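Undergrad: Okay, here's the structure, questions in a sec.
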Amino acid sequence: MLESDSPHPLSLEPAPMARPRRVVRSRPLNPSRPPNLPEIQPLPRWARLNGGAGGVRNAMFLAGAGIAHLDQILRAGADVSSAGRDSVDVSNAGKNFGVEPVFSGALRQRLALTAAAACARLARLREDEAALRDAEHLTGYGGETSPAGRLHRLFRLFASRSVKFDAATLAIAAEHVGAPSAMDAQGLAGALRDAMIKADEPLAAAARVSEAAMHCLAAVPAIDAEIFVLWLADVALAQKLGWKAPIPLLATVVAHPALRRGQNGRRARPRDSDWSTALAGAYALAAGEAIDVAGALSRQTQKLLDAAPKLRAKSAAPVIEMLLADDCVTPARAAKTARLSDRGARRLFDRLIELRAVRELSGRASFRLYGL
Numbered sequence: 268m269l270e271s272d273s274p275h276p277l278s279l280e281p282a283p284m285a286r287p288r289r290v291v292r293s294r295p296l297n298p299s300r301p302p303n304l305p306e307i308q309p310l311p312r313w314a315r316l317n318g319g320a321g322g323v324r325n326a327m328f329l330a331g332a333g334i335a336h337l338d339q340i341l342r343a344g345a346d347v348s349s350a351g352r353d354s355v356d357v358s359n360a361g362k363n364f365g366v367e368p369v370f371s372g373a374l375r376q377r378l379a380l381t382a383a384a385a386c387a388r389l390a391r392l393r394e395d396e397a398a399l400r401d402a403e404h405l406t407g408y409g410g411e412t413s414p415a416g417r418l419h420r421l422f423r424l425f426a427s428r429s430v431k432f433d434a435a436t437l438a439i440a441a442e443h444v445g446a447p448s449a450m451d452a453q454g455l456a457g458a459l460r461d462a463m464i465k466a467d468e469p470l471a472a473a474a475r476v477s478e479a480a481m482h483c484l485a486a487v488p489a490i491d492a493e494i495f496v497l498w499l500a501d502v503a504l505a506q507k508l509g510w511k512a513p514i515p516l517l518a519t520v521v522a523h524p525a526l527r528r529g530q531n532g533r534r535a536r537p538r539d540s541d542w543s544t545a546l547a548g549a550y551a552l553a554a555g556e557a558i559d560v561a562g563a564l565s566r567q568t569q570k571l572l573d574a575a576p577k578l579r580a581k582s583a584a585p586v587i588e589m590l591l592a593d594d595c596v597t598p599a600r601a602a603k604t605a606r607l608s609d610r611g612a613r614r615l616f617d618r619l620i621e622l623r624a625v626r627e628l629s630g631r632a633s634f635r636l637y638g639l
């Protein structure tokens, strides 16, 4: 009679525990492959401002087309958390949640530099983009700077956070413009909030805020008031669109030749009676240029993400995050943040240059600046 290893069905002796099955975890096909960023399509030619006469409707239409395209870019970032960190292609992830692209910080700070340089020219200050970049990144954060440098910090500071029209925020902004004593911050805040309530759509909000601000800033020197208003209009636009933080737009193109009018080529000013039309044309031009910058940054970001698995330095990840968040990074700042030696930071950037993942922006052999 054959004996069975199993106990009798009526036996009180417990049956041996079944050996648990081994769980085989699936691995991603290629965990070292970086995510693919969504491709940014350029603004169509028909939606770009060409400098020709078109009237109010044309300016409003082009501004709406450009801002809508830019808004779509800011809501089409890759949400890796919803797609899975090991996902190879996250180009469609996060679109329903309005996630900003990973390079949005670099986009805002690059445009902040352009805006500051344009405002410096309006104020007849000597600093250009290169000088402003050096002053901000090579002289230490928070230190003394020039009037043009303060303008740069105005756009940099408020391009990285949500901005509200309250007295404290406006007082800080006025200090950067150089007109704190001639302004009633509390009264201005109330006027701007009322203007926002009366405006139904983004361009109308920017125009109403401009008008209200110029009325409240009558005691402020004209050029300082104008620069302040250019910044306030961008804040109003961002609030109406629900953006995470303002994007410097209006100041980047305010002196552009395509926006000059009349035989004398006069530049539009916020005090003009037809400022709302001029503002729409300026936003149409600025949105198109911002989209071009975003496209270039997206392509460069993809190169940086492709290069990341090839980097040997264990502290490369914080440096990559810094590059995605700012206009440029110095080796000294990268070394401090990522806890690298100065030599290690320089070697990391040399490797990134070799992989064509970043660019050297200063053109110098020393005191170099690196960015997308």
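For the record, in the sequence shown the residue sitting at position 216 is 483 according to this note's numbering, with numbers rising by one throughout.
Every residue gets a Cβ at the ideal spot worked out from N, C-alpha and C, and that includes glycine.
As the structure is a computational prediction, the values presented were derived from the model and not from experiment.
Go through its chain and collect everything with a Cβ distance to V369's Cβ below 6 Å, but skip five positions before and after it.
TA: To locate residue 369, count along the sequence shown from 1; it is residue 102. So the list reads L591, once near-sequence residues are dropped.
Undergrad: For the stretch 610 to 620 against the stretch 552 to 563, are there 3 or more C-beta pairs whose distance is under 8 Å?
TA: Flag = no, the stretch 610 to 620 and the stretch 552 to 563 do not touch.
Undergrad: Which residues in the same chain as E478 place their Cβ atom closer than 8 Å to its Cβ, once the five residues preceding and following it in sequence are excluded?
TA: Residue mapping note: residue 478 aligns to position 211 of the sequence shown, counting from 1. The answer, listed in chain order, is A462, P537 and W542.
Undergrad: My output table needs one value for G454: the three-state DSSP class, helix, strand or coil.
TA: Taking the first residue of the sequence shown as position 1, residue 454 is located at position 187. If DSSP states are grouped into helix, strand and coil, G454 belongs with the helices.
Undergrad: Mind checking which residues open and close the alpha helix (DSSP H) that includes L389?
TA: Here residue 389 corresponds to residue number 122 of the sequence shown, with the count starting at 1. It spans S371 to L389 - the alpha helix (DSSP H) in which L389 sits, taken as one unbroken run.
Undergrad: Measuring straight from C-alpha to C-alpha, what distance separates A402 and E396?
TA: Walking along the sequence shown from the start, residue 402 turns up at place 135. Walking along the sequence shown from the start, residue 396 turns up at place 129. Their Cα atoms are separated by approximately 10 Å.
Undergrad: Applying the 10 Å Cβ sphere with the 16-neighbour rule, what's the burial state of F425?
TA: For this step, residue 425 is matched to residue 158 along the sequence shown. Buried.
Undergrad: Can you give me the start and stop residues for the alpha helix (DSSP H) that I307 sits inside?
TA: Start at 1 with the first residue of the sequence shown, and residue 307 comes out as number 40. From DSSP, I307 is part of no alpha helix (DSSP H); its letter is neither H nor E.
Undergrad: Which residues in the same chain have their Cβ closer than 6 Å to the Cβ of S293, if we skip the five residues on either side of it in sequence?
TA: In the sequence shown, the residue the question calls residue 293 occupies position 26. Model confidence at S293 stands at a pLDDT of 35, short of 50, so the residue's coordinates are unreliable and nothing is read from them.
Undergrad: Taking the CB atoms as reference points, tell me whether A438 and A452 lie closer together than 8 Å.
TA: Sequence index remark: in the sequence shown, residue 438 carries index 171 (1-based). Sequence index remark: in the sequence shown, residue 452 carries index 185 (1-based). The answer is yes: Cβ separation under 8 Å.
Undergrad: Would you list the one or two residues that DSSP bridges to G638?
TA: Along the sequence shown, one-based indexing puts residue 638 at 371. According to DSSP, G638 bridges with R626.
Undergrad: Using CA atoms only, rank isn't needed, just tell me which of R315, A330, A335 and M327 is closest to L508.
TA: Along the sequence shown, read from residue 1 onward, the residue named residue 508 stands at position 241. With distances taken between Cα atoms, L508 lies closest to A335.
Undergrad: With a cut-off of 8 Å, does the C-beta of G331 fall near any C-beta of chain D?
TA: The structure shown contains no chain D, having only a single protein chain.
Undergrad: Between the stretch 561 to 576 and the stretch 621 to 630, are three or more C-beta pairs nearer than 8 Å?
TA: Contact holds: three or more Cβ-Cβ distances are below 8 Å.
Undergrad: Does the distance from the C-beta atom of L399 to that of G416 stay below 8 Å?
TA: Counting from 1 along the sequence shown, the entry for residue 399 is found at position 132. Counting from 1 along the sequence shown, the entry for residue 416 is found at position 149. In contact: L399 and G416 (Cβ atoms closer than 8 Å).
Undergrad: Rounded to whole angstroms, what is the Cα-Cα separation between P515 and R375?
TA: Within the sequence shown, numbered from 1, the residue matching residue 515 stands at position 248. Within the sequence shown, numbered from 1, the residue matching residue 375 stands at position 108. Roughly 7 Å separates the two Cα atoms.
Undergrad: Residues in the same chain with beta-carbon distance under 7 Å from M589, minus the five sequence neighbours each way, listed in chain order, please.
TA: Start at 1 with the first residue of the sequence shown, and residue 589 comes out as number 322. Same-chain partners within the cutoff: V596, A601 and T604.
Undergrad: Would S608 be called buried (16 or more neighbouring beta carbons within 10 Å of its own) or exposed?
TA: As a working note, residue 608 is residue 341 in the sequence shown. The residue in question, S608, is exposed, as its Cβ has fewer than 16 Cβ neighbours within 10 Å.
Undergrad: If you draw a straight line from the C-alpha of W325 to the C-alpha of H523, how long is it?
TA: Translated into positions along the sequence shown, residue 325 becomes position 58. Translated into positions along the sequence shown, residue 523 becomes position 256. In the sequence on display, residue 325 carries Asn and not Trp. Their backbone Cα atoms lie some 18 Å apart in a straight line.
Undergrad: Quick check: A489 and R428, are their CB atoms within less than 8 Å of each other?
TA: What you label residue 489 is simply residue 222 of the sequence shown in a count that begins at 1. What you label residue 428 is simply residue 161 of the sequence shown in a count that begins at 1. No.
Undergrad: Taking only three categories from DSSP, how would you classify R528?
TA: As a first step, residue 528 is located in the sequence shown; it is residue number 261 there, counting from the start. Here R528 sits in strand by DSSP.
Undergrad: If you draw a straight line from the C-alpha of E367 to the C-alpha of A343, how long is it?
TA: Locating residue 367 in the sequence shown gives position 100, where the first residue counts as 1. Locating residue 343 in the sequence shown gives position 76, where the first residue counts as 1. Roughly 6 Å between the two C-alpha positions.
Undergrad: Under 7 Å Cβ to Cβ from L552, same chain only, skipping five residues before and after it: list those, please.
TA: Your numbering for residue 552 matches position 285 in the sequence shown. Counting only Cβ-Cβ distances below 7 Å, and skipping sequence neighbours, we find L316, V520, H523, A525 and L526.
Undergrad: Drop a sphere of 10 angstroms on the beta-carbon of E306, count the other beta-carbons inside from all chains shown, and report buried for 16 or more, exposed for fewer.
TA: As a working note, residue 306 is residue 39 in the sequence shown. Label assigned to E306: exposed.
Undergrad: If you follow the alpha helix (DSSP H) that P585 is part of, which residue opens it and which one closes it?
TA: Residue numbering aside, residue 585 sits at position 318 when the sequence shown is read from its first letter. Run containing P585: A583 to A592, per the alpha helix (DSSP H) assignment.
Undergrad: What does the alpha-carbon distance come out to for the pair A574 and A584?
TA: Locating residue 574 in the sequence shown gives position 307, counting from the first residue. Locating residue 584 in the sequence shown gives position 317, counting from the first residue. Whole-angstrom Cα-Cα distance: 11 Å.
Undergrad: Straight-line CA distance for R443 to L389?
TA: Walking along the sequence shown from the start, residue 443 turns up at place 176. Walking along the sequence shown from the start, residue 389 turns up at place 122. Checking the displayed sequence, the identity of residue 443 turns out to be His instead of Arg. Those two C-alpha atoms are separated by around 15 Å.
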